[in-house]
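Read through the structure below, which is laid out as structure tokens, and then see the notes.
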Ligand code: ATP
Ligand code: MG
Ligand code: MG
């Protein structure tokens, strides 16, 4: 199995299955539909689905939609698409909001047991009364309300008699608990806001900490896996399961969230980048969203393998973004056809090549995967090479073209630079070269050697193409800690656009086809392109300093 990377949560599940405590492993991935999924969510998706898969269990996709203010169906649809794209099929598809009626009756049960009360304190007062780590909290003057009064007020809250913020329902636990989360947490609030799923049916909404354990229990989740910041919530999670008398008893386990260098990973910040126009949408290829990574050219296999390799720990570390790049290179190495593209063209005329003649040369589609076969590429008197493959006054050890020097054209011939043509301002606009017919690739020519091999495309048949080169969107993502905003660290050069040419073979490519452009890197055909022009997104360069 590709997925049983050992980790502490998996070990817990193994123990529970072996001891018979768990009959069927049930996990869930519970996104709030308030934004698009990002690579951090992928870590949670892979963990939840892999663990259930391994033990023949089930994983639900559950939308944790208890806060109507920020949620939207656009996000629901994008999340479903992204989970499927990542390669996972959920068992149940659920909405926390479908359980509102049951949550309400569990809240009534708490009131009846004397374990919840309606409070009239304002949000600010509640915060003030809650105390601090070193100071116990103070009881609300409304804490002593009778069961009857609480039942009446809570029903009237539901019926819409009160304004937002006028009243809340709180669990009655312990205002001097060392765990602040147990100091009578709010479990229902009033919000006269329509909900994407329940419309205007409700004007009271359960708080996440109350809703989540109930959702897990209703679905029979056995292992409720969440990120570390919920560790202090676990006692309240267990309290809710017990006092609400839920028939099933899920357990919560926490792991460290994924952070990546030069990457912001909170939906709030990603939303800000979208809404303030720093990027062109949630699927901008610079975004760490799954839709952005997909448009950039990342494959589901690469992301899954990355998530498994980074492991699951009790602490959150920061992972080098180069590791993610490493996994996409690895995945594409054998799959992506090789091709040649010129990002910054310089015209070369081969003066001793017959005018008007084109010959077809043979080239391997992928030398690392010979099964992919061969392709034909045209060669003729006029070609484009990369501007940076020519220097008029080269430094030592420059092995590409310069006046009087000879190089190999990949898959073709040796050419020698005879003459440099310049415009009135002295810019190099064209080179005149000669070729040696004896040196054709594949003929076994050994007469002399050259040190450089450069790429090229035949000029009359080349297809114009746009290349979009990406760099990190945010540089130094920690800068905020010094008081600034992450927006001060947006990289002004995160997108560089070049207009060049590709081989004529590329005329029928489709969105999301992936190629390795010789000497440049892996590129994805932009799937969102509505123009006639070909657009290629740089997935990752070829060079890697990253070693596993
Ligand atoms: P954000 O702070 O980006 O809004 P969130 O935790 O509020 O993230 P949810 O929609 O609640 O987003 O997340 C769904 C699941 O994905 C949760 O179980 C959450 O713990 C997990 N998750 C979110 N971000 C990460 C991350 N960076 N690494 C690992 N898991 C994550
Ligand atoms: Mg959350
Ligand atoms: Mg959130």
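Numbering (the UniProt record's numbering), first residue to last: 2 to 549. Don't be surprised by glycine CBs; every beta carbon is placed ideally from N, CA and C. Keep in mind the model is a prediction, meaning the values are calculated, not measured.
Determine whether the beta carbon atoms of residue 373 and residue 363 lie at a separation below 7 Å.
no
Can you name the start and end residues of the alpha helix (DSSP H) that residue 237 belongs to?
235 to 244
Helix, strand or coil for residue 308 per DSSP?
helix
Using only the heavy atoms of ligand 1, determine whether one of them is closer than 6 Å to the beta carbon of residue 259.
yes
Taking the beta carbon of residue 157 as the centre, do at least 16 other beta carbons fall within 10 Å, making it buried, or is it exposed?
exposed
If you reduce the DSSP assignment to three classes, tell me which class residue 203 lands in.
coil
Hey, quick one: how far does the beta strand (DSSP E) through residue 551 stretch, first residue to last?
In the structure displayed, the chain extends from 2 to 549; residue 551 sits before or after that span and is not available.
State yes or no: is the C-beta of residue 418 nearer than 6 Å to some heavy atom of ligand 1?
no
Answer with buried or exposed for residue 45, where buried requires no fewer than 16 other C-beta atoms within 10 angstroms of its C-beta.
buried
Cα-Cα, which of 537, 64, 241, 254 is closest to residue 9?
254
For residue 2, name the three-state secondary structure that DSSP assigns.
At residue 2, the pLDDT of 39 sits below 50, so the modelled position is not reliable; the number obtained from the coordinates is stated separately. Of the three classes helix, strand and coil, the one that applies to residue 2 here is coil, per DSSP.
Provide the residue span of the beta strand (DSSP E) that contains residue 253, from first to last.
252 to 256
Do residue 550 and residue 360 have their CB atoms nearer than 7 Å?
Within the shown structure, residues of the chain are numbered from 2 to 549, placing residue 550 beyond reach of any answer.
Quick one: grab the DSSP three-state call for residue 94.
strand
When DSSP labels each residue in this structure, what does residue 266 get in the three-state scheme?
coil
Could you compute how far the alpha carbon of residue 91 sits from the alpha carbon of residue 472?
34 Å
Are the beta-carbon atoms belonging to residue 212 and residue 23 less than 7 Å from one another?
no
Taking its Cβ as the centre, do 16 or more other Cβ atoms sit within 10 Å of residue 335, making it buried, or is it exposed?
exposed
Take residue 214 as the anchor and find which of 299, 134, 117, 65 has the nearest alpha-carbon.
65
Is residue 251 near ligand 1, going by C-beta to nearest heavy atom under 6 Å?
no
Using DSSP's beta-bridge definition, name the partner residues of residue 363.
377
For residue 620, which option in 135, 132, 172, 140 has the closest C-alpha, if you only look at C-alpha atoms?
Summary: the structure shown does not reach residue 620, with the chain confined to residues 2 through 549, and so no result is reported for it.
Let me know the secondary structure DSSP gives residue 542 once reduced to three states.
strand
Quick check: residue 525 and residue 540, are their CB atoms within less than 7 Å of each other?
yes
Sorted by chain position, which residues of the same chain lie with C-beta nearer than 8 Å to residue 529's C-beta, five sequence neighbours on each side aside?
284, 296, 512
Since residue 326 sits in a beta bridge, which residues does DSSP pair it with?
DSSP lists no partner for residue 326.
Grab the span of the alpha helix (DSSP H) containing residue 475 for me, first residue to last.
Looking at the DSSP string, residue 475 is not in any alpha helix (DSSP H), and its letter there is neither H nor E.
Test: residue 60 CB closer than 7 Å to a CB of chain D:
You won't find chain D in this structure, because it holds only one protein chain.
Are residue 340 and residue 487 closer than 7 Å when you measure CB to CB?
no
How many whole angstroms separate the CB atoms of residue 97 and residue 216, which I take to be in contact at a CB cut-off of 8 Å?
5 Å
Tell me which residue opens and which closes the alpha helix (DSSP H) that residue 128 is part of.
124 to 130
Under the criterion of a Cβ to heavy atom distance below 6 Å, does residue 33 qualify as lining ligand 1?
yes
Contact check, residue 208 vs residue 238 under 8 Å by CB: the rounded distance?
The pair is not a contact, with the Cβ atoms about 12 Å apart (cut-off 8 Å).
heavy atom of ligand 1 below 6 Å from residue 6 C-beta
no
Given a threshold of 16 other Cβ atoms within 10 Å of its Cβ, counted over all protein chains shown, does residue 449 qualify as buried or as exposed?
exposed
Span of the beta strand (DSSP E), counted from its first residue to its last, around residue 184:
Unbroken run through residue 184: none, as it is neither H nor E.
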